[in-house]
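The letter at position 142 of the sequence shown is residue 1162 when you use our numbering, and the numbering goes up by one with no holes.
Beta carbons are placed, not taken as given, at the ideal position from N, Cα and C, and that holds for glycine.
Computed from a predicted structure; not experimentally measured.
Beneath this line is the structure, given in structure tokens, with notes to follow.
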Amino acid sequence: MVISDPMKEDFISVRMHSSLHGNHHSGAERLCGEEELEDVSRQLLQRALTHERGEADKVFLRFDSVPSRSVCNGCLPDMQTIEVDSYHDGRAAAMELLEAAGVSARAAAMAMDSLSVGAAPGGANMRGAMLVDAETGRRRESDPSRGVRAKGMDISCGAEKMLRRALARRGLDNGHVREAMVLAAKVISTPGIIAELCWSDDPSYTAGYVASANGYQRLTHLKPAGNERGGRAFFVRPQSSLAEIVDYLENSFLLVTELGRFLESRRWTGDLDE
Ligand code: AMP
């Protein structure tokens, strides 16, 4: 993704969402300049048609023009990998990271249980994220099938080049990690959200992360290989305004122009404080 000169041009927000047999299949969002529009559209279409879960039978592409004055610049969270031997250890470590970010053990456990069985009604994957009360664990999104989707975020050309170099040195330069870091940058910049938990619904991608003011903490396993259940939980402060949170996530624009720090990997030994 290349954004030529974000100061001069307006942007185009491109959103893709696809389905297969009436169920959510894949989705992605980009912010680009006019000259990149064709390439970006092709990439998103390709993603829906060549997904490991099969070829989508419906693909929706939506384009919206965005004035550059509506786009805020932002920074990626610090990144650290926490190596775990199993998804059980990954979930125990995620629990500890979420508690360190201010999420109650109860809320963290409820979110993990929902993600592991499929957080949408009937045990399906959601299209977006759960909004989980960080204290009680109660779900607060109005539509438990759709959830809430973070939209309108991307990374500038210069920052993306630096990010790819930094990730390549760690063997992590892949679309999953790059996109998740940009999404997490927007989520944790949301007033009222204190943390995010994610693991993918792609059966072969077992890593996931916890993002918060403490950074993007990547866990090497959060689910068993071959498992199709995954999703995201955004933990919200009790009493925060849901309408404001959803409005920020869905309607504001964030262009990442700066990287955070890349910290040494750590191995999980049962307690991150040790
Ligand atoms: P992925 O990391 O793309 O495999 O996405 C895993 C899950 O995260 C999806 O099934 C959705 O439930 C959720 N998700 C994906 N993209 C977004 C988004 N932009 N905002 C909120 N949730 C998302």
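Where does R1147 land, buried or exposed, given buried means 16+ other C-beta within 10 angstroms? Around the Cβ of R1147, a 10 Å sphere holds 16 or more other Cβ atoms; the residue is buried.
Out of S1232, I1102, G1110, state which residue places its alpha-carbon closest to the alpha-carbon of I1208. Of the residues S1232, I1102, G1110, the one whose Cα lies closest to the Cα of I1208 is S1232.
Ignore the nearest five residues each way along the sequence and tell me which others in W1219's own chain have a CB closer than 6 Å to its CB. Closer than 6 Å at the Cβ level, and outside the excluded window around W1219, lie G1228, L1242, K1243, G1250.
Which of the three DSSP states, helix, strand or coil, is assigned to S1061? In the three-state scheme derived from DSSP, where H, G and I count as helix and E and B as strand, S1061 is classed as helix.
Is L1051 closer than 8 Å to D1174 when the C-beta atoms are compared? The Cβ-Cβ distance between D1174 and L1051 falls below 8 Å.
Could you tell me if Q1259 is buried or exposed, where buried requires 16 or more neighbouring beta carbons within 10 angstroms of its beta carbon? The residue in question, Q1259, is exposed, as its Cβ has fewer than 16 Cβ neighbours within 10 Å.
Could you check how far apart the C-beta atoms of M1099 and Y1236 are, in whole angstroms? I think they sit under 8 Å. Their Cβ separation, rounded to whole angstroms, is 5 Å, which keeps M1099 and Y1236 in contact under 8 Å.
Of the choices T1070, G1053, V1202, whose alpha-carbon is the least far from that of D1084? Of the candidates T1070, G1053, V1202, the residue whose Cα lies closest to the Cα of D1084 is G1053.
Three or more C-beta pairs closer than 8 Å, one from the segment 1032-1039 and one from the segment 1069-1086: is that the case here? Judged by Cβ distances under 8 Å, the segment 1032-1039 makes contact with the segment 1069-1086, as three or more pairs qualify.
Checking 8 Å against the spacing of the C-beta atoms, do D1153 and V1256 come in under that value? Yes; because the gap between Cβ atoms is below 8 Å, this pair is in contact.
Beta-carbon spacing of E1029, S1088 below 8 Å: Against a cut-off of 8 Å, the Cβ pair of S1088 and E1029 comes out as a contact.
Decide if D1267 is buried, meaning its Cβ has at least 16 other Cβ atoms within 10 Å, or exposed. Counting Cβ neighbours within 10 Å, D1267 comes out exposed, since fewer than 16 surround it.
Rounded to whole angstroms, what is the Cα-Cα separation between S1165 and A1139? For S1165 and A1139, the gap between their C-alpha atoms comes out near 8 Å.
Can you round the beta-carbon distance between H1044 and H1071 to whole angstroms, since I take them to be within the 8 Å contact cut? About 11 Å; that fails the 8 Å criterion.
Report all residues from its chain with a CB closer than 6 Å to the CB of G1167; omit the five preceding and five following residues, and keep chain order. So the qualifying residues of the chain are M1146, G1148, A1149, M1150, E1161.
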